[in-house]
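To start, the structure under review is shown below, and the notes come after it.
Residue numbers (the working numbering), protein chains in the order written: chain Y, 278 to 615; chain F, 18 to 348.
Put into structure tokens, the structure is as follows:
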């Protein structure tokens, strides 16, 4: 059945009672489960194209390692999207946070806890700024875009002030070990990602707050009339998202042993969420599905790397994937409104 | 609140509102002049003939992008693909002129055609895909950047052949030709928006899409045309930027004073346009562009770190958006 909020599910059950055309059912089935099919097809395709290189435990590990920090962000990003806010500052916030952390931890050699606390404070400020702008009646995509420009500037400022050549090397022992810490042979970011998803799932599906998020994203006006404090929810969601993005930025920097202004791998959150059926306009979508969307994109990255596809082609593929994802969302919306 | 006000109080409130609106509309002139005076004293080499010409050229480049961008905003379409169009057009220009040896007019024509193609692509995704322009163009930008990367092979193409820079930056009556081109763009934009049926349709589509659709305005065509115009001016700017730098610019890191959609969006909003289309006058943008260019140029001459310039740019956009929302609330 149609994915989405309890309200939508109930609605489609009623609509189903009147009988739908068979074609529409097939399209709906494809929209709901196409991602699984595409993911399986993708795995088969890469396995056939590069059998000895792709079917290895190291490839699986690389895919999961790539998904780890991005998945932690995606869990909170999905909640943000469901609440009706599009956050476009992810890459810049992640970069700024990692640079801030690196400057304090690596260059000033302050303790790990202090560096983390300072970074958290900075990212909270960023989330508050975005939500303040949204409170003024500015759409979230414009507010977060502007805030993203500011964050990019702060990142560059840190590089300017510390006189580093474009990035800050991050090799001080404790962090290096934490970022590459393994539990039972598995990098710890992977269980951490599942924990993030579990928390996200519980918040969205088992709490009043989660119901409010769905309601607010689905119909802000109706939610406001029912006494839901939209501004407060937006603030909580955006601040959480900024803090988590910052932490993920630090994890990525720790893995790469360097902090840079823009963090690669965080820009695909929107594509992954849209693939998984989260509505761009908010109010519907299932958080657990976005995990498949993420794995799909990570597998694509690693697979194309194994096949040695040229950088421009790779970028073209990911660019087209984004275009395709928003087209899918548009088709879904049109079907839902019919 | 309003219900309790007496007639006299209402009149005062109305007058205060008018004063505030007047300030918002004309404040930008005062602020620009003040900023100029401040930099004359603070920034070394700011008030030299060479730098003033420099500012004029930079402003004209940003101004050309903004002219087309304005049309898209007026039609209610926030175009975020400017960077992608710039990249495709700059690579096209450099490739055709340097590597394939095309003549100057042919190079310009093909670069502009590349811009038109990009605009049409945006139009297809926005109109046929029924997607909000802001997100649609964000996605198409990725594709365009990839195409630019593919065409250039990831390399900056240096233009050694003579004739491009010289031809584009000929001084006419002592003023660089790019400034004349900018004025030409604004005159065309002004006439298009205020004197033609299409202009009226663009205002109508941006102000109320549904009402325009119902009253027979060909909204889909209007949106397509607006997006093509926006991409076309971006391509024209790319040709000029390429000629000025004598190489294909990759627009990776956009610092203040350079051209990209953040500058264009800020200028359009500072110029008094609504983020949601339908309101605004194109000639105001000229001042806003000049303001942003002077700001970037002055800060650079004062040797302010790039990071600070970027932060200032971000806050300029924040301020512009807040002003725009305030204005919308008051009118």
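Positions of the beta carbon are idealized from the N, C-alpha and C atoms, including for glycine.
Model, not experiment: these values are computed from the prediction.
Closer than 8 Å at the beta carbon, the chain F residues around residue 588/Y:
The answer, in chain order, is 166, 171.
State the DSSP-derived secondary structure class of residue 351/F, mapped to helix, strand or coil.
Any property of residue 351/F remains undetermined from this structure, which presents chain F solely from 18 to 348.
Helix, strand or coil at residue 448/Y according to DSSP, with G and I counted as helix
coil
Within a Cβ cutoff of 7 Å, which residues of the same chain sit near residue 129/F, ignoring the five residues on either side of it in sequence?
249, 252, 253
Leaving out the 5 sequence neighbours to the left and right, which residues in its chain are closer than 6 Å to residue 354/Y when beta-carbon positions are compared?
Excluding residues within five positions, the ones whose Cβ falls inside 6 Å are 546.
Any idea if residue 463/Y is buried or exposed, counting beta-carbon neighbours within 10 angstroms, 16 or more meaning buried?
exposed
Please give the ranges of any alpha helix (DSSP H) in the region 295-335 of chain F, keeping only runs that are unbroken, at least 4 residues long and fully inside the region.
301-318
How would you list, in chain order, the residues of chain F whose beta-carbon sits under 7 Å from the beta-carbon of residue 423/Y?
331, 334, 335, 338
Please say whether residue 365/Y and residue 425/Y have beta carbons closer to each other than 7 Å?
yes
Shorter than 7 Å from the beta carbon of residue 518/Y to some beta carbon of chain F?
Output row for residue 518/Y: interface = no.
Sorted by chain position, which residues of the same chain lie with C-beta nearer than 8 Å to residue 469/Y's C-beta, five sequence neighbours on each side aside?
Residues 345, 349 of the same chain have their beta carbon placed closer than 8 Å to that of residue 469/Y, with the five preceding and five following residues left out of the count.
Report the residue from 262/F, 37/F, 299/F, 185/F whose alpha carbon sits nearest the alpha carbon of residue 124/F.
185/F
With 9 Å as the limit, tell me which residues of the region 415-447 of chain Y have their beta carbon closer than that to any beta carbon of chain F; keep them in chain order.
Cβ contacts with chain F come from 415, 416, 418, 419, 420, 422, 423, 424, 425, 426, 427, 428, 429, 430, 431, 432, 433, 434, 435, 436, 437, 438.
Beta carbon of residue 89/F nearer than 7 Å to that of residue 206/F
no
Name the chain F residues that come within less than 7 Å of residue 597/Y, Cβ to Cβ?
160
Under a CB-based cut-off of 7 Å, is residue 413/Y close to chain F?
yes
Measure the C-alpha to C-alpha separation of residue 189/F and residue 255/F and round it to an integer number of angstroms.
21 Å
Along chain F, which residues have their Cβ under 7 Å away from the Cβ of residue 611/Y?
147
Any idea what DSSP makes of residue 333/Y, helix, strand or coil?
coil
Between residue 318/F and chain Y, is there a C-beta pair that is closer than 7 Å?
At a cut-off of 7 Å between beta carbons, residue 318/F makes no contact with chain Y.
Inter-residue CB distance, residue 306/F and residue 76/F (contact presumed, cutoff 8 Å):
5 Å
Just checking my contact of residue 281/F with residue 86/F at CB under 8 Å: how many whole Å lie between their CB atoms?
4 Å
Would you say residue 604/Y lies against chain F (beta-carbon separation less than 7 Å)?
Contacts with chain F at 7 Å (Cβ-Cβ) include residue 604/Y.
Would you kindly work out how many angstroms separate the C-alpha atoms of residue 318/Y and residue 211/F, rounded to a whole number?
54 Å
Less than 8 Å between C-beta atoms, sequence neighbours within five positions excluded: which residues of the same chain meet that for residue 293/F?
93, 223, 345, listed in sequence order.
Identify whether residue 586/Y lies in helix, strand or coil by the three-state DSSP scheme.
coil
Scan the region 145-175 of chain F and note each continuous alpha helix (DSSP H) run of 4 residues or more that stays entirely inside, going in chain order.
150-169
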